[in-house]
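Here the structure comes first, spelled out in structure tokens, and everything after it is commentary.
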Amino acid sequence: MGRRPARVQVDPESIDSDERPPQTGNIFNIWYSKWSGGDSSDRNTQTHSKTRCNIERDSGYTKADKEQSPFFCLYFSRGACCLGKKCEYLHRLPKETDSWIPHTLDCFGREKFAEYRDDMGGVGNFNKINRTLFVGRINEIDDSIELKISKNFAEWGDIDRIRVIPNKNIAFVTYKNELNAQFAKEAMAHQSLDPDNENEILSVKWANEDPNPEAKAKIEHEHNQQKLKIAKQLVEKLERLKQYESEKRASVTVEEPEETDDLPPKRQKMIQPSPLTPTFFNGSLSVLSELKHKKAHPQKNQALVDYSSDDSD
10 MGRRPARVQV
20 DPESIDSDER
30 PPQTGNIFNI
40 WYSKWSGGDS
50 SDRNTQTHSK
60 TRCNIERDSG
70 YTKADKEQSP
80 FFCLYFSRGA
90 CCLGKKCEYL
100 HRLPKETDSW
110 IPHTLDCFGR
120 EKFAEYRDDM
130 GGVGNFNKIN
140 RTLFVGRINE
150 IDDSIELKIS
160 KNFAEWGDID
170 RIRVIPNKNI
180 AFVTYKNELN
190 AQFAKEAMAH
200 QSLDPDNENE
210 ILSVKWANED
220 PNPEAKAKIE
230 HEHNQQKLKI
240 AKQLVEKLER
250 LKQYESEKRA
260 SVTVEEPEET
270 DDLPPKRQKM
280 IQPSPLTPTF
290 FNGSLSVLSE
300 LKHKKAHPQK
310 NQALVDYSSD
320 DSD
């Protein structure tokens, strides 16, 4: 059974182009849906998201599936894409095989930076592989909190580990794949662990590096393993390409000219000698006979008349 087309998540008629957060800066960035050039803290400007992506229901094919190196739809991750199958970006979760995305870009095609933002928000850092998200502003921490976090964040990819710090109402979620962490960061921003709890507005950012030496060594080992895995995938891809080119060259056949003397009728007529006609043949024999006869019986020379200058009779 083939994949179904991507669902339209939001009715285009319901989108209000003037709906934007209160101004706290000088420039409004439509890509990040926030103001810049003013207060760096958005604690008092966050509102609960009106939309949320449902991977099982919303995923499907789009125009991007026909492209060679497509990126993922940012609005799809937020549950707010109004294009559906007409969208030029992917409407699905990232996979480990999506190796065409360079480390300088995130899965949505946005450029990373050399350093993280001061508040650890934004696109991220291209100098480090970060698979861990910081989850803050959790309203209640109880015995079921880890299960709630796992249920909400596992929708966006395979989770490696979850760490909860109860006395600070924060948690750390580490994914197995960095691309899934990038997707989850956008999907869970301004959401809540309980869908109906609009009083809880999660703050999802990039986690700082763990200062624990053992944790650092483990992360470095994981990064090296991931680099080796990526290098192996590239080598396999190159080998497949070489094999394809070799098979393509082998399948090309060169037509040899036929070794027959079949020539066009006109050409044959020009090359072949004309047959000897009876008239020509008999005439030639008579000439030869006459020449032989003359050679065998030469004629006597005619008498020459001598003229003399003598006047005598």
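Position one of the sequence shown corresponds to residue 10 (our numbering), numbered consecutively onward.
Ideal Cβ positions, reconstructed from N, Cα and C, are used throughout, including at glycine.
Backbone CA spacing between residue i and residue j [nearest angstrom]
i	j	result
C96	D20	14 Å
E124	N136	8 Å
S153	L102	26 Å
Y253	W165	35 Å
K72	L99	8 Å
V173	L211	14 Å
H232	Q55	34 Å
I158	K257	51 Å
R140	A259	45 Å
L83	K246	28 Å
K177	L250	52 Å
H230	S23	48 Å
D74	L114	19 Å
A163	V182	10 Å
V244	F122	28 Å
Contact under 8 Å by Cβ, residue i with residue j
i	j	result
K94	P14	yes
Q16	R61	Sequence inspection shows Arg at residue 16; the Gln mentioned does not correspond to that position. Contact flag unset, no.
F81	Q18	no
Q235	I138	yes
E155	I171	yes
Of the residues the options, the one placed nearest residue i, counting alpha carbons only
i	options	result
E209	N217, H199, E218	H199
I228	E187, V244, S260	E187
D167	F192, P175, F80	F192
G118	K236, D107, R126	D107
N134	H112, R146, V244, I150	H112
I147	M197, G130, C116, E105	M197
E149	L202, G131, D115, N63	L202
A190	K257, N176, W215, L211	W215
H57	N217, A73, R87, H232	R87
Y184	I239, K257, R12, E105	E105
N217	D128, R249, A240	D128
C116	P79, K225, V144, R126	P79
I110	R126, L92, C91, Q77	Q77
Neighbourhood of residue i by C-beta, 7 Å cutoff - its chain only, sequence neighbours within 5 removed
i	result
K194	L142, V213
A89	Q18, V19, T60
I239	S108
Y70	R12, P14, A15, K94
For residue i, the residue or residues it bridges with in DSSP
i	result
S159	DSSP, once it has assigned bridges, lists no residue as partnering S159.
A180	V144, V173
L99	F81
N233	Partner(s): none; N233 has no beta bridge.
L114	E120
P14	Y70
S212	G145
Check: residue i C-beta below 7 Å from any heavy atom of the ligand SAH
i	result
G130	In the structure on display, the ligand SAH does not appear, and there are no ligands present to speak of.
Own chain residues within Cβ distance below 6 Å of residue i, not counting five before or after
i	result
N161	L202
P175	I150
G131	none
Beta-carbon contacts of residue i that lie in its chain and below 8 Å, excluding the five residues immediately before and after
i	result
E207	H57, S201
V261	none
N63	G88
P220	none
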